[in-house]
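Per this note's numbering, the very first residue in the sequence shown carries number 292; after that it's consecutive.
Glycine included, C-beta positions come from ideal geometry on N, C-alpha and C.
Quick notes on the structure that follows.
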Amino acid sequence: MNYLTIDGMISGTGIRDTINGGYIELSEISMSAELSLKLISWLESYHSEFYGGYSDATVMRKLDKEGVTLAKQLCDELPESKVRYYSDYCQAVILTH
292 MNYLTIDGMI SGTGIRDTIN GGYIELSEIS MSAELSLKLI SWLESYHSEF YGGYSDATVM
352 RKLDKEGVTL AKQLCDELPE SKVRYYSDYC QAVILTH
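Dropping the structure here:
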């Protein structure tokens, strides 16, 4: 079983190994191209908000909601994995699936 965390951390790829640490390249995970593109787009938006100081709480709630959706979709595509979502904005795990 793989334990994965989706997060919007500025230094990351969007997916990290929950147990061993370290970010995982998206190409190393057997996810669909569509989901990979969604994750990349979401991560770019999250990073943009980071550079803006997370100044708009409404935007951040929307991005965290999208992150939770991405985590659920990844779990659906990788049923042998345990996936969680970590909000860099809230600095907390929001979903474990």
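- DSSP, reduced to helix, strand and coil, places T296 within a strand of the structure shown.
- The straight-line gap separating the alpha-carbon atoms of L330 and F341 is approximately 16 Å.
- Distance between I310 and I320, taken at the CA atoms: about 16 Å.
- Nearest to V374 by C-alpha distance, out of K363, S332, Y314, Y337, is K363.
- A distance below 7 Å between beta-carbons, with the five flanking residues on each side excluded, links C366 to the following residues of its chain, in chain order: S372, V374, H388.
- Take D355, set aside five residues on each side of it, and the residues of its chain with a beta-carbon closer than 8 Å to its own are Y376, S378, Y380, C381, I385, in chain order.
- Residue pairing from DSSP places L386 in a beta bridge opposite Y376.
- DSSP, read as helix, strand or coil, puts Y345 in coil.
- Inter-residue distance for E325 and G358 is about 15 Å (C-alpha atoms, whole angstroms).
- For R352, the number of other beta carbons within 10 angstroms of its own is below 16, and it is reported as exposed.
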